[in-house]
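Data block below; observations after.
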Amino acid sequence: MSSKFDFFLAALLVCAMCSSLAAGRPTEKPSRHQLEDVYWSTGAVHDERLADAEHDSAYELFKLRSSKPTTPNSIANP
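Once you know that position 72 of the sequence shown is 1311 in the working numbering, the rest is easy, because the numbers rise by one and skip nothing.
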């Protein structure tokens, strides 16, 4: 029984060591020159609401919606 438990702990230790290898490596970031190239090659956005909506849907574009008349006055005078 002890040998199975020792094997399990050894396998768990090997898995933990293998998965932590990538954690210590620094991630590659684009250089400032590459970032500037991307910035200048990207076209301008005509409407800021469109730019934000692409990333986080912060804005809903304004759309005119017809509403049903709710009062007798609005029915008589459209």
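No residue lacks a Cβ here, since even glycine has one placed at the ideal position from N, Cα and C.
Only a predicted model underlies this, so the values are computations on that prediction, with no experimental measurement involved.
If you drop the 5 nearest sequence neighbours on each side, which residues of the same chain put their C-beta closer than 7 Å to that of residue i?
i, result
"Arg-1271", "none"
Here's a check: name, in chain order, each residue in its chain whose Cβ is nearer than 8 Å to the Cβ of residue i, leaving out the five neighbours to either side.
i, result
"Val-1277", "Pro-1269"
"Ser-1241", "none"
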